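Protein chains in written order, with the numbering used here: chain L, 72 to 514; chain X, 72 to 514.
Cβ coordinates follow ideal geometry from the N, Cα and C atoms, glycine included.
Predicted, not measured: the structure shown is a model, and the values here were computed from it.
2 protein chains.
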Amino acid sequence: MSVCLESPVPMKKISAPKGMRDFYPDQYRVRLGLFRAWEESALNHGFEFYEAPVVETLELLQRKAGEEISKQIYILEEKGSQHLALRPELTPSLARMIIARQGELSFPLKWASIAQCFRYERMQKGRKREHYQLNLDIVGESSSLAEVEVLGAAVLAMQSLGLNHNDFYIRIGSRTLLSALFKSVGIPNAHFMACYLALDKREKISDDEILELLAREGISKDDSGRIFDLLSIRSLNEVRSRLGGVSRAGSALDEIDSFFESAEELGLSDYLSFDPGVIRGLGYYTGIVFEAFDRDNRSRAIFGGGRYDNLLSSLGGKTMPCVGLGFGDVVITDMLEELNRDPVMGKTLEYAVGFMDVQCRPLASKVASRIRQSGLGCDLGLSGEKPRKFFSRANRLHAAHAVYIGPSELKSGRLGVKNMADGEIRAVRFDDSTDFKSLVSAG
Amino acid sequence: MSVCLESPVPMKKISAPKGMRDFYPDQYRVRLGLFRAWEESALNHGFEFYEAPVVETLELLQRKAGEEISKQIYILEEKGSQHLALRPELTPSLARMIIARQGELSFPLKWASIAQCFRYERMQKGRKREHYQLNLDIVGESSSLAEVEVLGAAVLAMQSLGLNHNDFYIRIGSRTLLSALFKSVGIPNAHFMACYLALDKREKISDDEILELLAREGISKDDSGRIFDLLSIRSLNEVRSRLGGVSRAGSALDEIDSFFESAEELGLSDYLSFDPGVIRGLGYYTGIVFEAFDRDNRSRAIFGGGRYDNLLSSLGGKTMPCVGLGFGDVVITDMLEELNRDPVMGKTLEYAVGFMDVQCRPLASKVASRIRQSGLGCDLGLSGEKPRKFFSRANRLHAAHAVYIGPSELKSGRLGVKNMADGEIRAVRFDDSTDFKSLVSAG
């Protein structure tokens, strides 16, 4: 592709890339509220943050991606010897970084990242061509407390956004337990993969269509009936009674029992619901899997994840137990909007300072400097303006307090500090002892 | 390009993209310190944050980029109707976003963003193929207080990183003033562009080579001498005396005079140094330009920018005065490292909690929950471990305090809270009134 350098002449406006978002300041504030909730919750649970380039080698990305994702990867035109692409997910980069230092790092490690990912998809509700995702991963730990800890951090993030167990719940399943259940009712091993594939579509297509899919794979009507019957199980006691003497489900049952115990100890029980039918895609997860949903089932999964113990070895590293959780920004932002709940906004501006003309500028600059030096945010007008224009700007900037310098302030050395919420104006003498910080906390 | 889905078999490790950085947790903490300094300083000065996609249409990026940058753009293979690429800089996206809402937005606006940008370049010190850049822009203001305000925010960021006027300085020039100076000594208008081009290389090549470049452009030896003589000017008074009666420099002189006045009022004078030879590339800046350098001239410019009044109109918008500043993460991080000054690190972990075995887990979980609920960060061990292993992990995680639960703690209900800095252990009764927050502030 040749590069054309035209001289800059006025011409048609250039549009944004389709399916990708601009964040104007008002949208950015919402995003920042979400990111801060994610960040604080991960730090609160002892995760350390890391980041990898949004560009990776195509080889790495394809090695991990399923066929559907592979088709959606944005590939870069070749430059140099490496064939590069935009990441559709962060996990391959995580695996690459860990494998590169697998001998030096101390395990288990708990890593978190907020990563932008790109997929070329048909646009629809809850799907864009880029999104940000909080990734929480615990690498090197086989105890199911690992699953509980990633969930604990995600639940805290939801709570910080004002959502609790009345708003969402988490479906908990287990790949190994589901296999044991299939086995217990006589489904042949050879049919397991086809069953997973069909059941994974449960949120998208009707039960009749799933039955059809199963029939097409050569699964008998009786077996399909047994499978659907298993999916109605909602407690581990029922699993235990169904499995009866099938001892080979022992470790899968122990694992999920211990998961629910730890979750209870950490106060998460109200959020959890056992559901053997949680699948979450294929060929990646190896143990407990989970998905969080709106109680009103308004949308796609809010977050999800599970145990994936084979990833590192599949990419050339040593085998290590891993647990991961992905929490995207699009579904949760839509959900908060529908519920009319704003995420906590970013920090607001404490002061706006304006002035009438160039004679008033030095005093305005002095006031702004003093406010800024005390650690408070302050916008300073850039040229002389009428009071009306200034106060309307202060309002638009969401400033908590506004100070206008005109000739009378210049003459008297007294300032009027206007509280923008209630309109009250406090007269303050401006000298070296003026404490703008206490004015804010008093206001 | 065809997508090959191999079955995951153990194979060679996959390398990272060349010239792009992984941020392991220790590196991420440094980066976070820098980003927080940027963010806080921009907010302190009343900037609002925004963000645009890292992917833009190639058309937009090329329209703004000079020839050198255009060759370095990473282009995406076509998907759909838009031809996309990775941004080499944020300014085209800023212009696109403003033009799209030029009728609705209130001006002047002060926008900030921390944006990752990509350029395919030969790697060398201070240059990678991606970097993050703080962008500060003021759009819609012709007063030179705009230049001062972007500089004020950048200087505050440097101060937050522990650097002051003994460590760096900012060279201030003016395109229009330089033209007036050229004119005053009789350089023909037709030679101005060649002069800018040659002088812009001053940091990279010797004065002899520049003289050669000027000669090749048909500039006489006498004229070259006059040009170099102008570049030695270091004060506005000298400019005034040189220009004497040349009235057409009036507005350029007024502008830069007013710039230095405002800078004085806002306490920036110690950082500024007038230097008519600052060029900063071609065909983009239209007025005052500036560049910050290490006092020891160790590296490339730390940050730079200036007034660019033609960008919006060149991209299809209405003409509007603009001032911008770019502050990359690579040069400043190298500089801090060479000076042995760490940027303020991200938040540290307040507590690590570990336990000996599964009997001790419930109490450990309870303690961790209580700490987390009080808003403090806490890492909880994921399985039973010996004290020695636990405390070494707590140390590696930079935890401020560590609590280990063994059988004796379980029996007594008393915890030992170890201060990891001085090794002191405080015995604390654990019940509903235990205040982990006050333990931290007391420690």
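Boundaries (first-last residue) of the alpha helix (DSSP H) holding A99 (chain X):
Numbered from its first residue, the second sequence carries residue 99 (chain X) at position 28. The sequence given here has Tyr at residue 99 (chain X), not Ala. Counting along the chain, the alpha helix (DSSP H) containing Y99 (chain X) begins and ends at P96 to N115.
Quick one: grab the DSSP three-state call for E160 (chain X).
Along the second sequence, one-based indexing puts residue 160 (chain X) at 89. Three-state result, E160 (chain X): coil.
For a quick check, are the C-beta atoms of L468 (chain X) and A423 (chain X) less than 7 Å apart?
Within the second sequence, residue 468 (chain X) is the residue found at index 397, counting from 1. Within the second sequence, residue 423 (chain X) is the residue found at index 352, counting from 1. In this structure, A423 (chain X) lies closer than 7 Å to L468 (chain X) by Cβ.
Tell me whether I276 (chain L) is buried or exposed, calling it buried when 16 or more other Cβ atoms sit within 10 Å of its Cβ.
To locate residue 276 (chain L), count along the first sequence from 1; it is residue 205. So I276 (chain L) ends up on the exposed side.
Which residues does DSSP list as the beta-bridge partners of A186 (chain X)?
For the purposes of this step, residue 186 (chain X) is taken as the residue at position 115 of the second sequence. X:Q204.
I think R167 (chain X) touches L131 (chain X), with their Cβ atoms under 8 Å apart; what is that distance to the nearest whole Å?
Translated into the one-based positions of the second sequence, residue 167 (chain X) becomes position 96. Translated into the one-based positions of the second sequence, residue 131 (chain X) becomes position 60. With 8 Å as the limit, R167 (chain X) and L131 (chain X) qualify as a contact, their Cβ atoms being about 6 Å apart.
Residue-chain proximity (N235 (chain L), chain X), Cβ-Cβ < 7 Å:
Reading the first sequence from its first residue, position 164 is the one you call residue 235 (chain L). Chain X contact via Cβ: absent.
Show which residues of chain L have a CB atom less than 8 Å away from the CB atom of S436 (chain X).
Reading the second sequence from its first residue, position 365 is the one you call residue 436 (chain X). Within 8 Å Cβ-Cβ: S333, E336 and L337.
Can you give me the C-alpha to C-alpha distance between D413 (chain L) and V101 (chain L), rounded to a whole angstrom?
Sequence index remark: in the first sequence, residue 413 (chain L) carries index 342 (1-based). Sequence index remark: in the first sequence, residue 101 (chain L) carries index 30 (1-based). Cα to Cα, the separation comes out at about 7 Å.
Got a sec: does the ligand COA put a non-hydrogen atom nearer than 6 Å to the Cβ of R297 (chain L)?
Of ligands this structure carries none, so the ligand COA is not represented either.
Identify every residue that forms a DSSP beta bridge with V360 (chain L).
What you label residue 360 (chain L) is simply residue 289 of the first sequence in a count that begins at 1. Looking at the DSSP assignment, V360 (chain L) forms a beta bridge with L:G244 and L:G377.
Can you list the residues of chain L that K150 (chain X) reaches, using a CB-CB cut of under 8 Å?
The count along the second sequence starts at 1 and reaches residue 150 (chain X) at position 79. Per Cβ cutoff of 8 Å: Y145 and Y191.
To the nearest angstrom, report how far apart S164 (chain L) and D400 (chain X) are at their CA atoms.
Numbered from its first residue, the first sequence carries residue 164 (chain L) at position 93. Numbered from its first residue, the second sequence carries residue 400 (chain X) at position 329. Computed Cα separation, rounded: 22 Å.
For chain L, find out if any of its Cβ atoms is closer than 7 Å to the Cβ of F120 (chain X); answer yes or no.
Here residue 120 (chain X) corresponds to residue number 49 of the second sequence, with the count starting at 1. Yes, because at least one Cβ of chain L sits closer than 7 Å to the Cβ of F120 (chain X).
Along the beta strand (DSSP E) that carries G487 (chain L), what are the first and last residues, could you check?
Looking up residue 487 (chain L) in the first sequence gives position 416. G487 (chain L) -> beta strand (DSSP E) spans R485 to N490.
How long is the line joining the alpha carbons of V310 (chain L) and V221 (chain L), rounded to whole angstroms?
To locate residue 310 (chain L), count along the first sequence from 1; it is residue 239. To locate residue 221 (chain L), count along the first sequence from 1; it is residue 150. Near 25 Å, if we compare the C-alpha coordinates of V221 (chain L) and V310 (chain L).
With distances taken Cα to Cα, identify the nearest neighbour of D271 (chain L) among L:L284, L:K508 and L:A261.
Locating residue 271 (chain L) in the first sequence gives position 200, where the first residue counts as 1. Answer by Cα proximity: L:L284.
To the nearest angstrom, report how far apart E421 (chain L) and R107 (chain L) are at their CA atoms.
For the purposes of this step, residue 421 (chain L) is identified with residue 350 of the first sequence, where counting begins at 1. For the purposes of this step, residue 107 (chain L) is identified with residue 36 of the first sequence, where counting begins at 1. Those two C-alpha atoms are separated by around 19 Å.
Pull out every residue of the stretch 123 to 138 of chain L whose Cβ sits closer than 9 Å to any Cβ of chain X, in chain order.
A123, P124, V125, V126, E127, T128, L129, E130, L131, Q133, R134, K135, A136, G137 and E138
List the endpoints of the continuous beta strand (DSSP E) containing A372 (chain X).
Here the question's residue 372 (chain X) lines up with position 301 in the second sequence. Taken as a continuous stretch (DSSP letters only), A372 (chain X) belongs to no beta strand (DSSP E), as it is neither H nor E.
First and last residue of the beta strand (DSSP E) that includes I496 (chain X)?
In the second sequence, residue 496 (chain X) corresponds to position 425, counting from 1. Taken as a continuous stretch (DSSP letters only), the beta strand (DSSP E) holding I496 (chain X) covers I496 to R500.
Determine the extent of the beta strand (DSSP E) in which C431 (chain X) is found, giving its start and end residues.
Start at 1 with the first residue of the second sequence, and residue 431 (chain X) comes out as number 360. No beta strand (DSSP E) contains C431 (chain X), which DSSP labels as neither H nor E.
CA-to-CA distance, V210 (chain L) to F507 (chain X), given in whole angstroms
To locate residue 507 (chain X), count along the second sequence from 1; it is residue 436. To locate residue 210 (chain L), count along the first sequence from 1; it is residue 139. About 29 Å.
Nonlocal neighbours in the same chain, by C-beta distance under 8 Å from G352 (chain X), ignoring five residues either side
Residue mapping note: residue 352 (chain X) aligns to position 281 of the second sequence, counting from 1. Answer for G352 (chain X): G137 and D271, listed in chain order.
Along chain X, in chain order, which residues have C-beta atoms closer than 8 Å to that of S322 (chain L)?
Reading the first sequence from its first residue, position 251 is the one you call residue 322 (chain L). Result: empty, since nearest Cβ-Cβ is about 16 Å, beyond 8 Å.
Taking the beta carbon of N411 (chain X) as the centre, do at least 16 other beta carbons fall within 10 Å, making it buried, or is it exposed?
Taking the second sequence and counting its residues from 1, one reaches residue 411 (chain X) at position 340. Classification of N411 (chain X): exposed, given that the 10 Å Cβ count is below 16.
Considering Cα atoms alone, identify which of X:L302, X:A363, X:M427 and X:A492 is closest to E456 (chain X).
To locate residue 456 (chain X), count along the second sequence from 1; it is residue 385. The candidate whose alpha carbon is nearest that of E456 (chain X) is X:M427.
Rounded to whole angstroms, how far is the Cβ of Y240 (chain X) from the Cβ of I350 (chain X), which I believe are closer than 8 Å?
Translated into positions along the second sequence, residue 240 (chain X) becomes position 169. Translated into positions along the second sequence, residue 350 (chain X) becomes position 279. Their Cβ separation, rounded to whole angstroms, is 17 Å, which puts Y240 (chain X) and I350 (chain X) out of contact at 8 Å.
Return the residue from the list L:F189, L:S295, L:P88 and L:P159 that minimises the CA-CA distance to Q153 (chain X).
As a first step, residue 153 (chain X) is located in the second sequence; it is residue number 82 there, counting from the start. Minimum Cα distance to Q153 (chain X) is reached at L:P88.
Looking at I359 (chain X): is its Cβ nearer than 7 Å to the Cβ of F330 (chain X)?
Residue numbering aside, residue 359 (chain X) sits at position 288 when the second sequence is read from its first letter. Residue numbering aside, residue 330 (chain X) sits at position 259 when the second sequence is read from its first letter. Yes, the Cβ-Cβ distance between I359 (chain X) and F330 (chain X) is below 7 Å.
Got a sec: is the Cβ-Cβ distance from S206 (chain L) to anything in chain X below 7 Å?
As a position in the first sequence, residue 206 (chain L) is number 135, starting the count at 1. This sequence places Asn at residue 206 (chain L); Ser is not what is there. Not closer than 7 Å to any Cβ of chain X, the Cβ of N206 (chain L) fails to qualify, so no.
In whole angstroms, what is the alpha-carbon distance linking G514 (chain X) and F189 (chain X)?
Taking the second sequence and counting its residues from 1, the one referred to as residue 514 (chain X) is at position 443. Taking the second sequence and counting its residues from 1, the one referred to as residue 189 (chain X) is at position 118. Because G514 (chain X) carries a pLDDT of 45, less than 50, the predicted location of this residue cannot be relied on, and the following value inherits that uncertainty. So the alpha carbons of these two residues sit roughly 45 Å apart.
I'd like the span of the alpha helix (DSSP H) that includes T404 (chain X), first residue to last.
To locate residue 404 (chain X), count along the second sequence from 1; it is residue 333. From DSSP, the alpha helix (DSSP H) with T404 (chain X) extends over D400 to E409.
Would P392 (chain X) pass as an interface residue toward chain L - the criterion being a Cβ-Cβ separation below 7 Å?
Here residue 392 (chain X) corresponds to residue number 321 of the second sequence, with the count starting at 1. Taking Cβ atoms only, chain L never reaches closer than 7 Å to P392 (chain X), which makes this a no.
Verify the CB distance criterion: does C33 (chain L) have a CB-CB separation below 7 Å to chain X?
Outside the displayed range of chain L (72 to 514) lies residue 33 (chain L), so it cannot be described from this structure.
Looking at C-alpha atoms only, which residue of X:G452, X:V256, X:K292 and X:S509 is the closest neighbour of L314 (chain X)?
What you label residue 314 (chain X) is simply residue 243 of the second sequence in a count that begins at 1. Taking only the C-alpha atoms, the option nearest L314 (chain X) is X:V256.
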